[in-house]
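Peer 1: Residue numbering for the sequence shown is 1 to 471, as defined by full-length UniProt numbering. For every residue, glycine included, the Cβ atom is placed at its ideal position computed from N, Cα and C. Take a look at this one; I'll ask things after.
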Amino acid sequence: MLLPVIIAGGTGSRLWPLSRQLKPKQFLKLCGDATLLQQTLRRLDGLEATSPAIICNEDHRFMVAEQLRQLEVKDAIILLEPMGRNTAPAIALAALNAIQTSRDPILLVLAADHFIADQCAFQKVVLEAKKLAEQDKLVTFGIVPTQPETGFGYIQRGDDLPITGYKVARFVEKPDLMRAQEYLESGDYYWNSGMFMFKASVYLKALAKFRPDILKACKKSLQQGQQGQQSMDFVRVDAEAFAQCPEDSIDYAVMEKTDDAAVIPLDAGWSDIGSWSALWDIGKKDAQGNVCEGDVLLLNSENSFVYADSRLITTLGIDNLMVIETKDAVLVAHKDQVQDVKKIVEMLKQSGRKEYISHRQVYRPWGVYDSIENGERYQVKRITVKPGAKLSVQMHHHRAEHWIVVSGTAKVTKGGKTFLMTENESTYISIGEVHALENPGTIPLELIEVQSGSYLGEDDIVRFEDQYGRV
């Protein structure tokens with residue numbers, strides 16, 4: 001049995017300002033009509049595999065569930081990490097949970113934020129790798145290099161294996177340009193893709209041998225997290241126990257130490273979408289070598305990537321630039337400098353700015369809100385509530401709210417009263433008043449919320465009831 005395990009953690013800071021802490025790149029539509037996570041799921045179509053297991057951060061659980069729902073993926077396991085501990089513990093949690101819930105499956109470990117152009121070639125190599133995994137090999141997928149890349153680690157292949165693929169001779173850290181050129185010319189090296197395949201039991205056995213401390217911490221956190229059972233369609237682990245787990249990658253923890261590592265070449269138009277220049281590489285270019293997304297007008301501009309999220313972007317006489325616009329931030333960078341975008345994100349963190357955390361438009365399990373205006377003692381939001389969804393029963397200590405319905409029907413609970421509001425109707429929520437908002441209709445509910453008070457932070461919410469388990 002093949003069990004896809006999709007690792008959907010990480011913040012994708014090099015793709016700021018589009019990728020942010022609360023909505024990182026794996027949940028964005030960066031290249032096509034689906035998000036990177038959804039493209040990863042679609043890539044499995046046609047393989048004989050069970051419903052996938054998705055490993056994600058607690059903050060992203062509803063986003064994952066919604067994107068699965070959009071693809072009509074049912075019975076998926078959403079395994080929540082209270083905090084990131086790198087890939088070795090994440091995969092251990094998935095393997096332990098798989099052993100508990102089914103017979104020893106073969107895990108196909110994929111990253112949620114990769115791009116693969118040739119799905120047929122990918123699936124063909126997966127089936128070849130499965131033969132090795134059935135022989136108790138720990139298989140990694142090595143990307144056939146197309147250029148001397150200094151941004152990836154490398155895998156040197158060793159002797160041929162009897163069935164398919166090669167033994168792993170060694171893993172190599174990111175090289176300098178001269179060494180990368182040597183690797184490319186030799187034909188013996190592959191880019192380290194971070195994708196793997198092995199039996200759950202084989203991985204756990206290797207982890208017990210090389211990093212028993214990680215295995216012990218993962219077992220304890222899974223056992224204590226509601227005995228590893230699903231809650232609200234999620235598998236939770238104990239946060240305190242998991243916090244004690246050492247942080248390590250599967251490469252360092254297992255793959256570099258085992259004698260059972262195998263590498264199988266993959267040549268399928270792979271990209272890790274690690275920077276804006278990577279998106280330019282795979283994008284559809286015009287005659288001047290530009291890749292454009294959104295409302296863009298270029299004149300005398302070449303070899304650039306221009307992304308307009310919310311308004312018209314025009315350029316004149318630019319070359320080799322990355323221009324990315326969102327509702328609350330703009331990045332302009334030279335193509336040769338895009339690997340350092342994460343330094344900008346670090347500067348935002350250090351200065352206490354929120355632009356690295358969330359967009360102006362913020363997604364919630366019930367819908368979305370857009371902070372369209374704010375001042376010293378007021379804030380204006382446009383709120384969209386999905387049909388059938390309900391915000392928590394709550395109150396605020398420091399702010400009052402005015403609600404004006406733009407379209408749809410609102411079911412409002414205020415104090416001891418419940419009533420309906422439709423287009424152009426409004427109500428007032430005073431400070432300290434218990435209230436709730438629900439969309440009982442079949443179309444989205446749109447309303448304008450005007451907040452006023454001494455403190456307008458999202459942490460000024462006292463929840464009494466919540467259908468999404470956030471009390």
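Short check: CB of Ser201 to CB of Asp340, under 8 Å?
Peer 2: The count along the sequence shown starts at 1 and reaches residue 201 at position 201. The count along the sequence shown starts at 1 and reaches residue 340 at position 340. Not a contact, by the Cβ cut-off of 8 Å.
Peer 1: Return the residue from the list Ser454, Asp75, Glu449, Gln467 that minimises the CA-CA distance to Ile372.
Peer 2: As a first step, residue 372 is located in the sequence shown; it is residue number 372 there, counting from the start. It is Glu449 whose Cα lies nearest to the Cα of Ile372.
Peer 1: Quick check: the Cα distance between Tyr455 and Val362, rounded to an integer number of angstroms?
Peer 2: For the purposes of this step, residue 455 is identified with residue 455 of the sequence shown, where counting begins at 1. For the purposes of this step, residue 362 is identified with residue 362 of the sequence shown, where counting begins at 1. Looking at the two C-alpha atoms, the distance is approximately 19 Å.
Peer 1: Mapping the DSSP letters down to three states, classify Pro212 as helix, strand or coil.
Peer 2: In the sequence shown, counting from the first residue as 1, residue 212 sits at position 212. Correct three-state label for Pro212: helix.
Peer 1: Please report the residue range of the beta strand (DSSP E) in which Asn57 lies.
Peer 2: In the sequence shown, counting from the first residue as 1, residue 57 sits at position 57. Counting along the chain, the beta strand (DSSP E) containing Asn57 begins and ends at 53-57.
Peer 1: Starting from the C-beta of Asp267, find all residues in its chain whose C-beta is less than 6 Å away, skip the five residues before and the five after it, and write them out in chain order.
Peer 2: Sequence index remark: in the sequence shown, residue 267 carries index 267 (1-based). Val144, listed in sequence order.
Peer 1: If Ile264 and Thr164 are in contact, beta carbons under 8 Å, what's the gap, nearest whole angstrom?
Peer 2: As a working note, residue 264 is residue 264 in the sequence shown. As a working note, residue 164 is residue 164 in the sequence shown. Yes, they are in contact, since the Cβ atoms of Ile264 and Thr164 sit about 6 Å apart, within 8 Å.
Peer 1: Please list, in chain order, all residues of the same chain as Lys137 whose beta carbon is under 6 Å from its beta carbon, the five residues on each side excluded.
Peer 2: Reading the sequence shown from its first residue, position 137 is the one you call residue 137. Hits under 6 Å: Asp260, Ala262.
Peer 1: CA-CA distance, Gln229 and Arg236?
Peer 2: Within the sequence shown, numbered from 1, the residue matching residue 229 stands at position 229. Within the sequence shown, numbered from 1, the residue matching residue 236 stands at position 236. For Gln229, the predicted structure reports a pLDDT of 49, less than 50, and the residue's modelled location is therefore unreliable. A value from the coordinates is still provided. So the two alpha carbons sit approximately 7 Å from each other.
Peer 1: Note down, one range per segment and in chain order, each beta strand (DSSP E) of at least 3 residues found wholly within the segment 44-94.
Peer 2: Those beta strand (DSSP E) runs which fall completely within the segment 44-94 and span 3+ residues are 53-57, 77-81.
Peer 1: What ranges does the alpha helix (DSSP H) occupy inside the segment 155-186, keeping only unbroken runs of at least 4 residues that lie completely in it?
Peer 2: Taking only runs of at least 4 residues, the alpha helix (DSSP H) segments lying wholly in the segment 155-186 are 177-186.
Peer 1: Where does Ile250 fall in DSSP's three states?
Peer 2: Translated into positions along the sequence shown, residue 250 becomes position 250. Note: Ile250 maps to helix in three-state DSSP.
Peer 1: Measure the Cβ-Cβ separation of Gly453 and Arg399 and say whether it is below 8 Å.
Peer 2: Working through the sequence shown from its first residue, we reach residue 453 at position 453. Working through the sequence shown from its first residue, we reach residue 399 at position 399. Cβ atoms of Gly453 and Arg399: closer than 8 Å.
Peer 1: Within 10 angstroms of its Cβ, does Asp160 collect 16 or more other Cβ (buried), or is it exposed?
Peer 2: Locating residue 160 in the sequence shown gives position 160, where the first residue counts as 1. Exposed.
Peer 1: The alpha helix (DSSP H) spanning Val393 covers which residue range?
Peer 2: Counting from 1 along the sequence shown, the entry for residue 393 is found at position 393. Run containing Val393: none in the alpha helix (DSSP H); it sits in the beta strand (DSSP E), 393-395.
Peer 1: Could you compute how far the alpha carbon of Lys219 sits from the alpha carbon of Lys209?
Peer 2: On the sequence shown, residue 219 is found 219 positions in, with the first residue counted as 1. On the sequence shown, residue 209 is found 209 positions in, with the first residue counted as 1. Taking the straight line from one Cα to the other gives about 15 Å.
Peer 1: Which residues does DSSP pair with Lys411 in a beta bridge?
Peer 2: For the purposes of this step, residue 411 is identified with residue 411 of the sequence shown, where counting begins at 1. Beta-bridge pairing links Lys411 to Leu420, Glu438.
Peer 1: Give every residue of the same chain whose Cβ lies closer than 7 Å to the Cβ of Thr422, excluding the five residues on either side of it in the sequence, and list them in chain order.
Peer 2: Sequence index remark: in the sequence shown, residue 422 carries index 422 (1-based). Counting only Cβ-Cβ distances below 7 Å, and skipping sequence neighbours, we find Val405, Thr409.
Peer 1: First and last residue of the alpha helix (DSSP H) that includes Trp191?
Peer 2: As a position in the sequence shown, residue 191 is number 191, starting the count at 1. Segment 189-199 is the beta strand (DSSP E) holding Trp191; no alpha helix (DSSP H) there.
Peer 1: Rounding to the nearest angstrom, what Cα-Cα distance links Glu401 and Gln451 in this structure?
Peer 2: Counted from its first residue, the sequence shown places residue 401 at position 401. Counted from its first residue, the sequence shown places residue 451 at position 451. Rounded to the nearest angstrom, the two C-alpha atoms are 5 Å apart.
Peer 1: Could you tell me the distance, in whole angstroms, from the CA atom of Glu433 to the CA atom of Val385?
Peer 2: Taking the first residue of the sequence shown as position 1, residue 433 is located at position 433. Taking the first residue of the sequence shown as position 1, residue 385 is located at position 385. Their backbone Cα atoms lie some 21 Å apart in a straight line.
Peer 1: Since Phe171 and Ile250 are thought to touch, with beta carbons under 8 Å apart, how far apart are those beta carbons, to the nearest angstrom?
Peer 2: Taking the sequence shown and counting its residues from 1, one reaches residue 171 at position 171. Taking the sequence shown and counting its residues from 1, one reaches residue 250 at position 250. 11 Å between Cβ atoms; not a contact.
Peer 1: Short of 6 Å in beta carbon distance, which residues of its chain neighbour Cys292, apart from the five on each side in sequence? Order them along the chain.
Peer 2: Here residue 292 refers to the residue found at position 292 of the sequence shown. Answer for Cys292: Val306, listed in chain order.
Peer 1: Would you mind working out which of Asn86, Glu302, Ser426 sits nearest Gly317, comparing C-alpha positions?
Peer 2: Your numbering for residue 317 matches position 317 in the sequence shown. For the residues Asn86, Glu302, Ser426, the minimum Cα distance to Gly317 belongs to Glu302.
Peer 1: From the DSSP output, in three-state form, read off Met322 for me.
Peer 2: Numbered from its first residue, the sequence shown carries residue 322 at position 322. Met322 falls in the strand class under three-state DSSP.
Peer 1: When you compare the CB positions of Val393 and Arg463, do they come within less than 8 Å of one another, or not?
Peer 2: Sequence index remark: in the sequence shown, residue 393 carries index 393 (1-based). Sequence index remark: in the sequence shown, residue 463 carries index 463 (1-based). Going by C-beta atoms, Val393 is nearer than 8 Å to Arg463.
Peer 1: Helix, strand or coil for Val235, going by three-state DSSP, please let me know.
Peer 2: Here residue 235 is taken as the residue at index 235 of the sequence shown, counted from 1. Three-state result, Val235: strand.
Peer 1: Given 8 Å as the limit, is there contact between the segment 43-54 and the segment 365-379, that is, 3 or more CB pairs closer than that?
Peer 2: With a cut-off of 8 Å, the segment 365-379 and the segment 43-54 do not count as touching, because too few Cβ pairs lie within range.
Peer 1: Short of 7 Å in beta carbon distance, which residues of its chain neighbour Lys131, apart from the five on each side in sequence? Order them along the chain.
Peer 2: In the sequence shown, the residue the question calls residue 131 occupies position 131. So the list reads Ile163, Thr164, once near-sequence residues are dropped.
Peer 1: Could you tell me which residues DSSP pairs with Asn303 in its beta bridges?
Peer 2: As a position in the sequence shown, residue 303 is number 303, starting the count at 1. DSSP lists no partner for Asn303.
Peer 1: Rounded to whole angstroms, what is the Cα-Cα separation between Ala34 and Leu108?
Peer 2: Counted from its first residue, the sequence shown places residue 34 at position 34. Counted from its first residue, the sequence shown places residue 108 at position 108. Each residue's Cα considered, the two are about 21 Å apart.
Peer 1: The beta strand (DSSP E) that contains Leu108, what's its start and end?
Peer 2: Translated into the one-based positions of the sequence shown, residue 108 becomes position 108. Note, Leu108: beta strand (DSSP E), 106-111.
Peer 1: Please state whether the Cβ-Cβ distance between Ala278 and Gly294 is less than 8 Å.
Peer 2: Here residue 278 is taken as the residue at index 278 of the sequence shown, counted from 1. Here residue 294 is taken as the residue at index 294 of the sequence shown, counted from 1. Not in contact: Ala278 and Gly294 (Cβ atoms no closer than 8 Å).
Peer 1: Contact defined as beta carbons within less than 8 Å: I believe Cys245 pairs with Pro365. What is the distance between those atoms, to the nearest angstrom?
Peer 2: By 1-based counting over the sequence shown, the position of residue 245 is 245. By 1-based counting over the sequence shown, the position of residue 365 is 365. The Cβ separation is near 27 Å, so there is no contact.
Peer 1: Could you give the DSSP three-state label for Ala262: helix, strand or coil?
Peer 2: Reading the sequence shown from its first residue, position 262 is the one you call residue 262. Reduced to three states, the DSSP call for Ala262 is strand.
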